[in-house]
Structure formats: C-alpha cells, structure tokens
Amino acid sequence: MSIRMIAETVNADKETVRKILHDELNMKKVCAKLVPKNLTLDQILVRQQICSDS
C-alpha cells in the first residue's frame, strides 16, 4: 500500500503519513511498498532457507 493510498484512506496529508510510517512505526520503502525494517526470527530463517536453496 502506498503512502498516497494511506493518506487518501485516512484523509491526511501525505507528509504526515510518511512521517508516522517512517519515524514512529519504523517502516521503510521497498519496491514501492512499505515493509518493517526489522525482520522477525521466522522471517530471517525463511529468507536464509530460500537463499540456500538457490
């Protein structure tokens, strides 16, 4: 979901939404999608498994 879509949904300014997502919720933009900066242990293990299978 894009910052623009979130801003339109909650009727807020895009910059306000961006600040909340980045500064308060610790999210970052990856391939035009917002994802958590820190992976959970399960997510790390899944990524390691996928990489080792290649």
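Counting in my numbering, the sequence shown runs from 234 upward without gaps. All residues carry an ideal CB built from backbone N, CA and C; glycine is no exception.
Of the candidates Q281, C284, V279, K262, the residue whose Cα lies closest to the Cα of S235 is K262.
Within the same chain, no residue comes within 7 Å of Q282 by CB-CB distance, once the 5 residues on both sides are set aside. Beta-carbon to beta-carbon, K270 and N259 are separated by about 5 Å, close enough to satisfy the 8 Å threshold. Distance from the CA atom of D275 to the CA atom of T249, rounded to whole angstroms, is 31 Å. Non-local C-beta neighbours of R237 in its own chain, meaning closer than 7 Å and more than five positions away in sequence, comprise K247, ordered along the chain.
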